[in-house]
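Undergrad: Protein chains in written order, with my numbering: chain A, 473 to 779; chain B, 3 to 439.
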Amino acid sequence: MLSRNFLTLEGVSREELRDILDLARVHAAGHGGLSLVGRTVCLAFFEASTRTAVSFELAARRAGADVISISEKGSAVQKGESLIDTVVTLDALGADAIVVRHPSVGAARLAARYTDAAVVNAGDGCGQHPTQALLDLHALSNAVGSFDELCGRKVAVVGDVLHSRVARSVIPAFQAAGMEVALVAPETLLPSENGAWELPILPSVDDAIDWGADVLYALRLQNERMTSESPRIPSVAEYARYYGVARRHLRDDVLVMHPGPVNRGVEISGDVVLSDSSLIPAQVAAGVAVRSAVLAYATGVAQKAVA
Amino acid sequence: MGAQDLIIRGAHVLDPGSNLDGITDVRLSAGRITEVGEGLRGVRALDASGLHLFPGFVDVHAHWRTPGREDEETIETGSAAAAAGGFTSVVMMPNTDPVIDKPVVVSGLVRRIERESRVRAYVSAALHEGLEGKRLTEMRLLKEAGAFCVSDDGLGTQSAGVLRNGMLYAKSAGLPVILHCEDHTLATGVVHDGVAAALAGLPGSPGSAEDVATAMALVLAAETSAKVHVTHVSTALSAALVGFFKVRGDITADTTPHHLTLTEELVSTLEGLYRVNPPLRPDEDRIGVGDALASGILDFVATDHAPHAASEKELPLEEAAPGFLGHETAFSALYTDLVQSGKLSLSRLIETMASAPGRWVREASGASGACGICPGAPADLALVDLSGEWTVRADALVSRSSNSPYLGRRLKGRVVGTVVGGEMVYDGIGAKFGARA
Chain A
473 MLSRNFLTLE GVSREELRDI LDLARVHAAG HGGLSLVGRT VCLAFFEAST RTAVSFELAA
533 RRAGADVISI SEKGSAVQKG ESLIDTVVTL DALGADAIVV RHPSVGAARL AARYTDAAVV
593 NAGDGCGQHP TQALLDLHAL SNAVGSFDEL CGRKVAVVGD VLHSRVARSV IPAFQAAGME
653 VALVAPETLL PSENGAWELP ILPSVDDAID WGADVLYALR LQNERMTSES PRIPSVAEYA
713 RYYGVARRHL RDDVLVMHPG PVNRGVEISG DVVLSDSSLI PAQVAAGVAV RSAVLAYATG
773 VAQKAVA
Chain B
3 MGAQDLIIRG AHVLDPGSNL DGITDVRLSA GRITEVGEGL RGVRALDASG LHLFPGFVDV
63 HAHWRTPGRE DEETIETGSA AAAAGGFTSV VMMPNTDPVI DKPVVVSGLV RRIERESRVR
123 AYVSAALHEG LEGKRLTEMR LLKEAGAFCV SDDGLGTQSA GVLRNGMLYA KSAGLPVILH
183 CEDHTLATGV VHDGVAAALA GLPGSPGSAE DVATAMALVL AAETSAKVHV THVSTALSAA
243 LVGFFKVRGD ITADTTPHHL TLTEELVSTL EGLYRVNPPL RPDEDRIGVG DALASGILDF
303 VATDHAPHAA SEKELPLEEA APGFLGHETA FSALYTDLVQ SGKLSLSRLI ETMASAPGRW
363 VREASGASGA CGICPGAPAD LALVDLSGEW TVRADALVSR SSNSPYLGRR LKGRVVGTVV
423 GGEMVYDGIG AKFGARA
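Structure follows, in structure tokens:
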């Protein structure tokens with residue numbers, strides 16, 4: 473699953489996660505070397521992104537790759553045809569890896585059909601965001617001591633699960649790591665088939681604390697994906713009261729995570745973001761090493777080094 | 003016994019409408035069936051032993067993309083695809099470009115059908131101008147120009163008040179209404195709002211998007227007594243609603259081969275090919291709709307044949323155009339998945355693909371006289387090799403497009419010949435009889 477294309481974490485195994493996180497630790501320690509020298513990494517971003525784009529670019533450059541960046545500016549709606557054309561072009565230019573960010577689910581998988589280069593999904597619509605989940609596991613493993621220490625811990629994924637590609641990657645990743653997962657959200661922000669993951673659903677962050685959560689993973693409320701014709705929450709104030717992570721939830725043994733960008737005062741109160749319990753800066757910091765590892769894996773240089 | 007008579011000899015003739023189910027001969031003369039019985043003699047004969055002969059299939063729901071998108075399908079290619087699937091009569095839906103909402107568009111289309119269509123084709127005009135659910139079309143003038151029924155297919159009428167007046171006026175105009183039932187405040191997704199959508203992160207439309215609109219339409223149909231036909235029923239609840247309301251109005255309903263054979267699981271491939279409206283549903287709905295077809299609550303199968311260019315299908319699912327090809331695979335897919343598995347009798351399949359929609363079309367078009375496989379009826383026939391197996395391949399499809407959800411599937415039961423008005427319009431076995439002079 474995590475061999476050449478990084479498209480989804482659905483169905484990922486514990487061993488695959490451990491392999492990639494081991495490699496990420498090597499890169500984080502500065503021992504990744506210039507493993508991508510002579511390789512060409514293309515960033516094809518069909519949707520606005522700051523941290524993910526910058527993080528991938530740094531990851532590729534630190535490992536010595538040549539980097540080509542293509543971003544579609546100005547046009548809000550991207551047609552798949554331009555996606556395919558772009559991928560075919562990058563392929564012809566000799567790309568070894570193509571990193572795709574796109575507003576539609578399945579775009580990276582579609583791109584992979586048109587190129588021999590490794591395709592890394594950097595976020596597709598409400599579908600998947602695999603490298604976000606990997607860097608989350610990396611940051612969390614460091615915080616608790618090791619990847620194996622994650623096993624048996626409880627994580628509450630809080631908020632707008634319905635519109636979240638991060639949720640669709642972190643849920644299977646947390647499960648593969650042996651963690652117990654619960655969801656905290658109103659039904660309007662869960663898929664109608666919220667039993668799809670067979671997870672307990674808790675009514676508030678307070679209840680998540682009572683449930684014994686070791687980790688509160690807050691998701692961004694994605695107002696841009698909601699229509700004003702059929703509102704999904706009554707007010708930000710009510711949302712923050714029940715689904716926001718606040719100072720009163722902080723405990724010595726509870727960690728708070730968020731994939732960013734944060735709506736301060738909505739899903740997480742401002743003073744929590746930079747509190748001692750917060751892993752948010754560590755999550756951002758983990759991005760470069762994890763993505764270097766992913767690119768090394770995807771292009772096959774990691775496996776060659778081992779063999 | 004004229005010189006031009008043709009005997010189809012030795013086929014297993016199955017026509018539930020005429021209570022025929024056995025090996026016999028059929029005589030065709032001057033475009034009609036003139037005799038059914040054993041040991042018929044004539045100069046020209048087709049040895050059809052080992053094959054089945056059915057009344058020609060009738061499809062009340064097809065998009066031949068004419069006018070406007072002739073790059074996807076034309077009357078010539080659409081009717082050829084229909085003929086290759088055993089269809090002898092087809093109703094063309096009005097969501098073309100321009101929309102079929104003006105008498106001049108209808109009369110132009112009728113003239114083109116006469117020149118270009120291999121099968122009997124009927125024009126559905128729009129119920130409302132531009133399918134917008136606002137202004138009524140000039141239904142009586144549309145009928146004089148050759149329209150056969152009216153429909154807002156593709157969008158569906160949203161307002162109950164507007165739909166009620168549409169039904170009442172269509173009734174006055176003597177036109178049946180084909181209803182596409184979809185509530186746009188609920189149908190905000192691109193696939194069924196189920197487990198596959200939840201896991202994939204694809205925006206889903208719940209079954210209620212269809213059920214709410216179906217219930218509304220059926221209430222109005224019962225109240226107005228208009229002649230209505232609910233098309234592409236895809237949920238078990240909508241089928242049950244049809245069953246409840248049928249005895250309260252002049253109501254018929256169909257479902258599609260794909261809703262009877264495929265499920266939402268396919269959307270987990272994330273492939274644009276599998277986007278269709280109404281969306282593929284969970285297995286419970288597929289089974290419920292199949293049961294309703296078997297029990298007679300649903301009356302016909304209709305294909306919703308919807309060709310799309312490759313450039314509109316090779317896209318992420320959210321951006322792909324909704325719709326599947328239907329004509330060429332309908333019989334084989336249903337025979338393979340429903341009849342062979344014992345879920346539906348062959349006789350009921352023929353009733354729902356040929357006899358029942360055939361009666362409905364004849365009634366709506368004002369035709370009278372015999373129909374089916376009996377003396378006096380038009381010679382509209384499908385010749386099928388039930389033991390024939392074939393693989394659905396894009397390059398072997400007759401349609402101008404290739405967006406079949408069955409691509410790569412091996413199917414059993416193959417249409418080998420189609421006869422319309424005594425002429426062979428599809429010849430899969432080199433029979434070469436009745437060719438136009």
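Note that CB positions come from ideal geometry on N, CA and C, so glycine has one too. Just so we're clear, the structure is a prediction, and the values are computed from it rather than from any experiment.
If you drop the 5 nearest sequence neighbours on each side, which residues of the same chain put their C-beta closer than 6 angstroms to that of T480 (chain A)?
TA: Position 8 of the first sequence, counting from 1, holds the residue named residue 480 (chain A). Contacts found: Q600.
Undergrad: Could you tell me which residues DSSP pairs with C151 (chain B) in its beta bridges?
TA: Sequence index remark: in the second sequence, residue 151 (chain B) carries index 149 (1-based). C151 (chain B) pairs with B:S126.
Undergrad: Taking its Cβ as the centre, do 16 or more other Cβ atoms sit within 10 Å of R416 (chain B), making it buried, or is it exposed?
TA: Counting from 1 along the second sequence, the entry for residue 416 (chain B) is found at position 414. So R416 (chain B) ends up on the buried side.
Undergrad: Using only alpha-carbon positions, find the residue among B:T305, B:D301, B:T263, B:H14 that is nearest to D287 (chain B).
TA: Within the second sequence, residue 287 (chain B) is the residue found at index 285, counting from 1. Of the listed residues, the one whose Cα sits closest to D287 (chain B) is B:T263.
Undergrad: Flag this pair as yes or no: are the beta carbons of A580 (chain A) and D596 (chain A) separated by less than 9 angstroms?
TA: Counting from 1 along the first sequence, the entry for residue 580 (chain A) is found at position 108. Counting from 1 along the first sequence, the entry for residue 596 (chain A) is found at position 124. Result yes, Cβ atoms of A580 (chain A) and D596 (chain A) sit closer than 9 angstroms.
Undergrad: Anything in chain B within Cβ reach of P663 (chain A), meaning under 9 angstroms, just list it in chain order.
TA: For the purposes of this step, residue 663 (chain A) is identified with residue 191 of the first sequence, where counting begins at 1. Here the neighbours are D195, G196, V197, A199, A200, L201, G203, G206.
Undergrad: So which residues of chain B does G599 (chain A) contact, with C-beta pairs closer than 8 angstroms?
TA: The sequence position of residue 599 (chain A) within the first sequence is 127, counting from 1. Near G599 (chain A) (Cβ distances below 8 angstroms), the residues of chain B are A202, G203, L204, L272.
Undergrad: Closest to A712 (chain A) by CA distance: which of A:W669, A:L655, A:R692 is it?
TA: If you number the first sequence from 1, residue 712 (chain A) lands on position 240. The shortest Cα separation from A712 (chain A) among A:W669, A:L655, A:R692 belongs to A:R692.
Undergrad: Could you have a look at I431 (chain B) and say whether DSSP puts it in helix, strand or coil?
TA: Against the second sequence, residue 431 (chain B) aligns to sequence position 429. Of the three classes helix, strand and coil, the one that applies to I431 (chain B) here is coil, per DSSP.
Undergrad: I'd like to know whether the C-beta atoms of G196 (chain B) and P284 (chain B) end up nearer to each other than 9 angstroms.
TA: Here residue 196 (chain B) refers to the residue found at position 194 of the second sequence. Here residue 284 (chain B) refers to the residue found at position 282 of the second sequence. Yes, the pair counts as a contact, with Cβ atoms nearer than the cut-off.
Undergrad: In chain order, what residues of the region 643-656 of chain A put their CB closer than 8 angstroms to some CB of chain B?
TA: Per Cβ criterion, the list is empty.
Undergrad: Quick one: residues in its chain with C-beta nearer than 6 angstroms to the C-beta of S20 (chain B), no 5 flanking neighbours on either side, listed in chain order?
TA: Here residue 20 (chain B) refers to the residue found at position 18 when the second sequence is read from its first residue. Taken in chain order, the residues that qualify are G374, I375, C376.
Undergrad: Closer than 8 angstroms, Cβ to Cβ, to anything on chain A: give me those residues from the region 305-332 of chain B, in chain order.
TA: Cβ contacts with chain A: S313, E316, L317, P318, L319, E320, E321, A322.
Undergrad: Under 9 angstroms between the Cβ atoms of A224 (chain B) and R250 (chain B)?
TA: The residue labelled residue 224 (chain B) in the question sits at position 222 within the second sequence. The residue labelled residue 250 (chain B) in the question sits at position 248 within the second sequence. Yes; because the gap between Cβ atoms is below 9 angstroms, this pair is in contact.
Undergrad: Ordered along the chain, which non-local residues of its own chain (more than five positions away) have a Cβ less than 8 angstroms from that of G546 (chain A)?
TA: Position 74 of the first sequence holds residue 546 (chain A). A caution first: G546 (chain A) carries a pLDDT of 46, below 50, which makes its placement in the model too unreliable to give a value.
Undergrad: What residues of chain A sit near T187 (chain B), judged by a beta carbon separation below 9 angstroms?
TA: As a position in the second sequence, residue 187 (chain B) is number 185, starting the count at 1. Correct list: E701, S702.
Undergrad: What number of angstroms, rounded off, separates the C-alpha of L662 (chain A) from the C-alpha of T159 (chain B)?
TA: Position 190 of the first sequence, counted from the first residue, corresponds to residue 662 (chain A). Position 157 of the second sequence, counted from the first residue, corresponds to residue 159 (chain B). Roughly 30 angstroms between the two C-alpha positions.
Undergrad: Please list, in chain order, the chain B residues whose beta carbon lies closer than 7 angstroms to that of V766 (chain A).
TA: In the first sequence, residue 766 (chain A) corresponds to position 294, counting from 1. Here the premise fails: no neighbours, minimum Cβ distance about 20 angstroms.
Undergrad: Verify whether the separation of the beta carbon atoms of A296 (chain B) and P57 (chain B) is less than 9 angstroms.
TA: Within the second sequence, residue 296 (chain B) is the residue found at index 294, counting from 1. Within the second sequence, residue 57 (chain B) is the residue found at index 55, counting from 1. Contact flag unset, no.
Undergrad: Checking the sheet assignment: what are the DSSP bridge partners for I673 (chain A)?
TA: What you label residue 673 (chain A) is simply residue 201 of the first sequence in a count that begins at 1. Answer by DSSP bridge pairing, in chain order: A:L655.
Undergrad: L565 (chain A): buried (16+ other C-beta within 10 angstroms of its C-beta) or exposed?
TA: For the purposes of this step, residue 565 (chain A) is identified with residue 93 of the first sequence, where counting begins at 1. It counts as exposed.
Undergrad: Using only the alpha-carbon positions, how far apart do R763 (chain A) and A500 (chain A) sit?
TA: As a position in the first sequence, residue 763 (chain A) is number 291, starting the count at 1. As a position in the first sequence, residue 500 (chain A) is number 28, starting the count at 1. Roughly 10 angstroms separates the two Cα atoms.
Undergrad: Compute the Euclidean distance between the alpha carbons of L268 (chain B) and S343 (chain B), then round it to the nearest angstrom.
TA: The sequence position of residue 268 (chain B) within the second sequence is 266, counting from 1. The sequence position of residue 343 (chain B) within the second sequence is 341, counting from 1. Taking the straight line from one Cα to the other gives about 21 angstroms.
Undergrad: Taking 8 angstroms as the cut-off, does the region 46-66 of chain B touch the region 348-368 of chain B (at least 3 CB pairs, one atom from each stretch)?
TA: The region 348-368 of chain B vs the region 46-66 of chain B: in contact.
Undergrad: Do F246 (chain B) and G88 (chain B) have their C-beta atoms within less than 9 angstroms of each other?
TA: Mapped onto the second sequence, residue 246 (chain B) falls at position 244. Mapped onto the second sequence, residue 88 (chain B) falls at position 86. Cβ atoms of F246 (chain B) and G88 (chain B): not closer than 9 angstroms.
Undergrad: Do you know offhand how far S111 (chain B)'s Cα is from R364 (chain B)'s?
TA: Taking the second sequence and counting its residues from 1, one reaches residue 111 (chain B) at position 109. Taking the second sequence and counting its residues from 1, one reaches residue 364 (chain B) at position 362. Looking at the sequence provided, one finds Leu at residue 111 (chain B) rather than Ser. The alpha-carbon atoms of L111 (chain B) and R364 (chain B) are separated by roughly 20 angstroms.
Undergrad: Relative to the C-alpha of F150 (chain B), which residue among B:S367, B:G430, B:W66 is closest?
TA: Residue mapping note: residue 150 (chain B) aligns to position 148 of the second sequence, counting from 1. Selected option, being the one with the closest Cα: B:S367.
Undergrad: I'd like to confirm the pairing. Which residues does DSSP put opposite M94 (chain B) in its beta bridges?
TA: Within the second sequence, residue 94 (chain B) is the residue found at index 92, counting from 1. Answer is B:A64, B:V125.
Undergrad: Can you find a C-beta in chain B that's less than 9 angstroms from the C-beta of E781 (chain A)?
TA: What is shown of chain A runs 473 to 779, which leaves residue 781 (chain A) out entirely.
Undergrad: Would you tell me roughly how many angstroms separate the C-alpha atoms of S2 (chain B) and T338 (chain B), rounded to the nearest one?
TA: Since the first residue of chain B shown is 3 and the last is 439, residue 2 (chain B) is not available in this structure.
Undergrad: Going along chain B in order, which residues have a C-beta closer than 8 angstroms to the C-beta of A605 (chain A)?
TA: Numbered from its first residue, the first sequence carries residue 605 (chain A) at position 133. Here the premise fails: no neighbours, minimum Cβ distance about 13 angstroms.
Undergrad: Work out the CA separation of A525 (chain A) and T558 (chain A) for me, nearest whole Å.
TA: Your numbering for residue 558 (chain A) matches position 86 in the first sequence. Your numbering for residue 525 (chain A) matches position 53 in the first sequence. Approximately 17 angstroms between the Cα atoms of the pair.
Undergrad: Taking Cβ positions only, does T190 (chain B) come closer than 9 angstroms to chain A?
TA: On the second sequence, residue 190 (chain B) is found 188 positions in, with the first residue counted as 1. By this cut-off, T190 (chain B) is an interface position.
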